[in-house]
Amino acid sequence: MKKLNYLIFFLVALLCLITGVIIITNYPLMPVSWPLFAIKLIPFALLFIITIFASKLGITSLTLGLALFSYVRFLGFINVFLPKDSLFLGNLSTLVYVSAAILTAYAGIKAVLYWRIFEKKYREIYSNTKEIFFIVDKEKNTIVETSRSAIDYFGKSLLNREAGKCLGERNSYILCGRAHDSKKVPKTFEAKLYKSDGTQFYADVLIDEFSIFKKDYYYISIRDISEKRQAESLTKKAHERFKGLFENNNDAVFFLDREGRHIDANEKAVELLGYSVEELRKMTFYDVVPPEAQKESEQLLLELRKKGSLPIYEKELLRKNGERITVEINVSLIRHDDGDFHIQSIVRDVTKRKETQRLLKMERDMLQKFLTIAQTAVVILDISGNIKYLNTEGFRLFGYSADNIDEVVGKNLEEFVPENNKKKVQEIIKELVRGEKQSVLDILIPISSKNGETKTILWNAVASKSMGDNSVELLFSGKATDSYKKNIKFNGFYSSLNKVTIDVLETGTILGKNAQRLLKLCVATIPGAQAGTLIMRNENGNFSFVACENYDFKRLREVRLNREPVNNGLEAISVTADFCGFKLDSQLSKAVAKACKFKDLKATLVIPIILNGKVVALFNLNNFESKHAFDNPMTKQLAEVFKESITSLIKRLELEKELKTQKKKLEFLSNHDPLTELPNRRFLWEYSDLLFALAKRKSRPVSVLYVDLDKFKEINDFYGHDMGDYVLREVAGRFKDSIRKSDVTVRLGGDEFALLLPETDSKLAIVAAKRILLSIEKVMIADRTVSISGTIGISCFPEHGEDLQDLLKKADTAMYQAKKSGMKIAVYPGKSMHTKE
1 MKKLNYLIFF LVALLCLITG VIIITNYPLM PVSWPLFAIK LIPFALLFII TIFASKLGIT
61 SLTLGLALFS YVRFLGFINV FLPKDSLFLG NLSTLVYVSA AILTAYAGIK AVLYWRIFEK
121 KYREIYSNTK EIFFIVDKEK NTIVETSRSA IDYFGKSLLN REAGKCLGER NSYILCGRAH
181 DSKKVPKTFE AKLYKSDGTQ FYADVLIDEF SIFKKDYYYI SIRDISEKRQ AESLTKKAHE
241 RFKGLFENNN DAVFFLDREG RHIDANEKAV ELLGYSVEEL RKMTFYDVVP PEAQKESEQL
301 LLELRKKGSL PIYEKELLRK NGERITVEIN VSLIRHDDGD FHIQSIVRDV TKRKETQRLL
361 KMERDMLQKF LTIAQTAVVI LDISGNIKYL NTEGFRLFGY SADNIDEVVG KNLEEFVPEN
421 NKKKVQEIIK ELVRGEKQSV LDILIPISSK NGETKTILWN AVASKSMGDN SVELLFSGKA
481 TDSYKKNIKF NGFYSSLNKV TIDVLETGTI LGKNAQRLLK LCVATIPGAQ AGTLIMRNEN
541 GNFSFVACEN YDFKRLREVR LNREPVNNGL EAISVTADFC GFKLDSQLSK AVAKACKFKD
601 LKATLVIPII LNGKVVALFN LNNFESKHAF DNPMTKQLAE VFKESITSLI KRLELEKELK
661 TQKKKLEFLS NHDPLTELPN RRFLWEYSDL LFALAKRKSR PVSVLYVDLD KFKEINDFYG
721 HDMGDYVLRE VAGRFKDSIR KSDVTVRLGG DEFALLLPET DSKLAIVAAK RILLSIEKVM
781 IADRTVSISG TIGISCFPEH GEDLQDLLKK ADTAMYQAKK SGMKIAVYPG KSMHTKE
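So the sequence shown is numbered by UniProt numbering: it starts at 1 and just counts up by one.
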């Protein structure tokens, strides 16, 4: 456009030259005075100069109009030299003058319109743009124009002020300093700038330079990228946290593409399968699956693509060395923004767990075998007298086959008792069920067998709790009276042993007085025994004396036998010339010699009690008169009976100990959340009745806090459920650490918790809520910090309600009100809001 304007200027200048030549060559020239010459020449010269500047603006109509005006003034200047009666110049001047006026007026109107349009657009940009911009006078270093956003960031008064004073020295140095330092424009860079209130922000800066009428200006554009930088930082931190969780996960984690090819795996995955990450990347999932499971794996992959996830399932995988391992697999699809997906597989080795389950089953089977081979009938009844269990010996005494279990189990014991003894059975069952008697011993009750034969059985009975539903069960054990009469000659051995056994079962221990009673019974009953000791293995695996008969126990119990007995692993009862089943060195011999006269010892009967292949106790019966004192076959037979009884007793104690432990665990689980070990809803309702009754009686306040963790689902989705469970346990622990011992924290379910704060009004409850939220702000996972937040609703007794149901509902309402209002804490009905997000 400027070239056209320059062309117009050149053509007009050429026209003036041609006109002058024509006039000079064709008209006689008149003499002119110098004043008149100057008066005519100066307007022409000025207009000609103005035309030169106008052509640089690029406005064609303006340039043409001024050029014609210049030509008119040139004609006026030439007219001074021509005669007055010349017609050519007069008509030509008028025509050119009119044309010039029209063009100049058009250019002016057009310029005004363009100026107004430009001004309107500029004002719209000035008012609406979010971008910050300045126009700075380069020479004076003052701001001549700015956007509204710039005023919001750097202050109200910016125009016509020195940049350093209104922008601040730091901002001025960064912006204007860089503009002066480099000649390269435009230039872009990122910088950290400061608002008028002192807060800093990250900015993307553009600096350009322009000139107006040879006056230089800087155009500075600033775009706030703080949110972008923060998002990038959060993305980077999230990636680092995910990387930490991936690399430090206790489970093996695999990433696979849609075809099942391995993309990546963590160290646990390498440890699990034995392949390196590079080797896995060349393999597919099918390469680590046994051949017989290939089709099933293909079907699972197809189902995964349809559903997006699968329930946790167990599967066998092949390690690099060919070993098969049993694993638990949690697999899901991770979908990308482009519609593609990859597979995330979290694999846990459960081989050891399977082995533990196998061993537990073996233990149960062993107990069942013991009951099967026991020489005593074992019958378990419910409180109505119905038979729930009968062992092999029981089936034999009743005359039925164990294969036809329905003929006995489920029927009432009275059906197998003669008519004249049924009332006796009813009374025994009532006394045991009501707790009037803990046990019944040596009761003769006949049984009518299937073939009609009546057998007189000597019964012992005791009431106990069922392992399954905690109901009362009745345990009857009995032997035919002929066996009883055969052994009655051994000084009432069975009767005495049963009495001690009952005491042991009631007290739950074989140690102390019970150990002494058992040993005394053994010495008094078994022929040839004149003294004895009882040695037992403690929890640390060492042996020590726990009882003695006819020896100084105070000295013996100080002796520690740290080695295994010489007959360890042998189940047979043996006779030896040693003091006990241990070899005694000189030091132990001196210690034992102080407590007993074992130098005069002739024979020792060693009765080992063995559980799970290990000796747990040794009954040592000593004789000081003859080395053949224990050669009588009946002695060893009685010792065998004693051994079986004590072995059964210790097994029963171990079983009951385990049952008590399991019962405590079940009781705990019934009132507590298994993941966080916090009290659950059931505990909450039971505890609240007592708490509010006490609060009403003493007229004291109670606050209920309803806590909901914010965006917890995102943590689960991003880090996995294992990390989500870890966060819940960590948060639960911090809840407990943040409150008093008298306060109670309850997990309601998912990421929701409730707290009961006795002796606490709404003001104190707010203080407690702030403390709780502060305690859970940061959670460390594998040396990385995860941000956690929550929202708390508060209701108070008695002002908001008088029972837990009402208060919990109102606390929940307050919590949701807080979420809607962008707050963290709210007191029902939402009047007191605190801690804005």
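A virtual CB, placed ideally from N, CA and C, is assigned to each residue, including glycine.
Measuring CA to CA, which of P43, I383 and E730 is closest to R747? The residue you call residue 747 lines up with position 747 of the sequence shown. Answer by Cα proximity: E730.
DSSP puts H262 in a beta bridge; with which residues? Your numbering for residue 262 matches position 262 in the sequence shown. DSSP, once it has assigned bridges, lists L256 as partnering H262.
Can you say whether L14 is buried or exposed, counting buried as having 16 or more other CB atoms within 10 angstroms of its CB? In the sequence shown, residue 14 corresponds to position 14, counting from 1. Counting Cβ neighbours within 10 Å, L14 comes out exposed, since fewer than 16 surround it.
Is S762 closer than 8 Å to V827 when the C-beta atoms are compared? The count along the sequence shown starts at 1 and reaches residue 827 at position 827. The count along the sequence shown starts at 1 and reaches residue 762 at position 762. Yes, the Cβ-Cβ distance between V827 and S762 is below 8 Å.
Classification of T785 by the beta-carbon crowding that lies within 10 angstroms, buried from 16 upward: Here residue 785 is taken as the residue at index 785 of the sequence shown, counted from 1. Per the 10 Å Cβ criterion, exposed.
Kindly list the residues whose CB is nearer than 7 Å to the CB of I346, restricted to its own chain and excluding five residues on each side of it in sequence; keep chain order. Stepping through the sequence shown from its first residue, residue 346 is reached at position 346. Only D251, V253, N330 and G720 meet the Cβ criterion.
In this structure, what does DSSP give as the bridge partners for S276? For the purposes of this step, residue 276 is identified with residue 276 of the sequence shown, where counting begins at 1. Paired residues: none, contrary to the question.
Would L519 and E549 be called neighbours here (beta carbons separated by less than 8 Å)? Walking along the sequence shown from the start, residue 519 turns up at place 519. Walking along the sequence shown from the start, residue 549 turns up at place 549. It is a contact, given that the beta carbons lie within the stated cut-off.
So what's K634 in DSSP terms, helix, strand or just coil? One-based indexing of the sequence shown puts residue 634 at position 634. Contrary to the premise, residue 634 reads as Met rather than Lys in this sequence. Looking at M634 - three-state DSSP - the assignment turns out to be helix.
Tell me whether L359 is buried or exposed, calling it buried when 16 or more other Cβ atoms sit within 10 Å of its Cβ. The sequence position of residue 359 within the sequence shown is 359, counting from 1. Result: exposed.
Backbone secondary structure at T20 - three-state DSSP: For this step, residue 20 is matched to residue 20 along the sequence shown. The question names Thr, yet the displayed sequence has Gly at residue 20. Residue state, collapsed to three classes: helix.
Taking its Cβ as the centre, do 16 or more other Cβ atoms sit within 10 Å of residue 840, making it buried, or is it exposed? An answer regarding residue 840 cannot be provided, because it is not within the stretch 1 to 837 covered by the chain.
Buried or exposed for S221, please, with buried defined as at least 16 other CB atoms from any protein chain shown within 10 angstroms of its CB. The residue you call residue 221 lines up with position 221 of the sequence shown. Answer is buried; the Cβ neighbour count reaches 16.
Got a sec, what are the start and stop residues for the alpha helix (DSSP H) R348 sits in? Taking the first residue of the sequence shown as position 1, residue 348 is located at position 348. No alpha helix (DSSP H) contains R348, which is instead part of the beta strand (DSSP E) from F341 to D349.
From L611, R73 and P311, residue whose alpha carbon lies closest to that of T19: Position 19 of the sequence shown holds residue 19. It is R73 whose Cα lies nearest to the Cα of T19.
For M634, does the count of other Cβ atoms within 10 angstroms reach 16, so buried, or fall short, so exposed? On the sequence shown, position 634 is the one that residue 634 refers to. Exposed, because fewer than 16 other Cβ atoms sit within 10 Å of the Cβ of M634.
G274: which of L301, L318, K295 and K499 sits nearest, CA to CA? Within the sequence shown, the letter at position 274 stands for residue 274. Per the Cα distances, L318.
Does the Cβ-Cβ distance between L638 and I526 come in under 8 Å? Locating residue 638 in the sequence shown gives position 638, counting from the first residue. Locating residue 526 in the sequence shown gives position 526, counting from the first residue. Cβ distance < 8 Å, so L638 and I526 count as in contact.
Backbone secondary structure at E407 - three-state DSSP: Translated into positions along the sequence shown, residue 407 becomes position 407. Three-state result, E407: helix.
Using DSSP with H/G/I as helix, E/B as strand and the rest coil, what is M283? Within the sequence shown, numbered from 1, the residue matching residue 283 stands at position 283. Coil at M283, not helix or strand.
If you measure between the beta carbons of G532 and F619, is that distance less than 8 Å? Along the sequence shown, one-based indexing puts residue 532 at 532. Along the sequence shown, one-based indexing puts residue 619 at 619. In this structure, F619 lies closer than 8 Å to G532 by Cβ.
Below 8 Å on the Cβ atoms is my guess for Y217 versus I207; work out the distance and round it to an integer in Å. For the purposes of this step, residue 217 is taken as the residue at position 217 of the sequence shown. For the purposes of this step, residue 207 is taken as the residue at position 207 of the sequence shown. Not really, about 11 Å apart at Cβ, beyond 8 Å.
Could I get the ranges of all uninterrupted alpha helix (DSSP H) runs contained in the segment 523-564, with 4 residues as the minimum, in chain order? 553-556
What's the call for I24, buried or exposed, on a 16-neighbour Cβ count within 10 Å? Working through the sequence shown from its first residue, we reach residue 24 at position 24. Answer is exposed; the Cβ neighbour count stays below 16.
Whole angstroms are fine: how far does the CA of D673 sit from the CA of K778? Walking along the sequence shown from the start, residue 778 turns up at place 778. Walking along the sequence shown from the start, residue 673 turns up at place 673. Rounded to the nearest angstrom, the two C-alpha atoms are 23 Å apart.
Rank K651, D600 and T576 by C-alpha distance to the C-alpha of G613 and give the top, closest one. What you label residue 613 is simply residue 613 of the sequence shown in a count that begins at 1. Taking only the C-alpha atoms, the option nearest G613 is K651.
Applying the criterion that 16 or more other CB atoms from any shown protein chain within 10 Å of the CB defines a buried residue, is H628 buried or exposed? Locating residue 628 in the sequence shown gives position 628, where the first residue counts as 1. Under this definition H628 is an exposed residue.
Answer yes or no: do R740 and S775 have a C-beta to C-beta separation smaller than 8 Å? Indexing the sequence shown from 1 puts residue 740 at position 740. Indexing the sequence shown from 1 puts residue 775 at position 775. No, they are not a contact pair.
Here's the rule I'm using: 16 or more other beta-carbon atoms within 10 Å means buried, otherwise exposed. How should T456 be labelled? Taking the first residue of the sequence shown as position 1, residue 456 is located at position 456. So T456 ends up on the exposed side.
Could you check what DSSP says for A13 in three-state terms: helix, strand or coil? The count along the sequence shown starts at 1 and reaches residue 13 at position 13. The answer is helix: DSSP assigns A13 an H, G or I state.
Using DSSP bridges, identify the partner residues of N620. To locate residue 620, count along the sequence shown from 1; it is residue 620. Note: N620 sits in a beta bridge opposite T533 and V606.
Find the nearest neighbour of I380 within the set E355, K636 and S471, judged by alpha-carbon distance. Against the sequence shown, residue 380 aligns to sequence position 380. When each option's Cα is compared against that of I380, the closest is S471.
Per DSSP, F44 forms a beta bridge with which residues? The residue given as residue 44 occupies position 44 in the sequence shown. None, per the DSSP bridge assignment.
Between which two residues does the alpha helix (DSSP H) carrying R223 extend? Indexing the sequence shown from 1 puts residue 223 at position 223. From DSSP, R223 is part of no alpha helix (DSSP H) but of the beta strand (DSSP E) over K215 to D224.
Alpha carbon to alpha carbon, what distance is there between N514 and V504? Residue mapping note: residue 504 aligns to position 504 of the sequence shown, counting from 1. Residue mapping note: residue 514 aligns to position 514 of the sequence shown, counting from 1. Rounded to the nearest angstrom, the two C-alpha atoms are 6 Å apart.
Could you spell out where the alpha helix (DSSP H) holding N612 opens and where it closes? Reading the sequence shown from its first residue, position 612 is the one you call residue 612. That residue, N612, is in no alpha helix (DSSP H); it is neither H nor E in DSSP.
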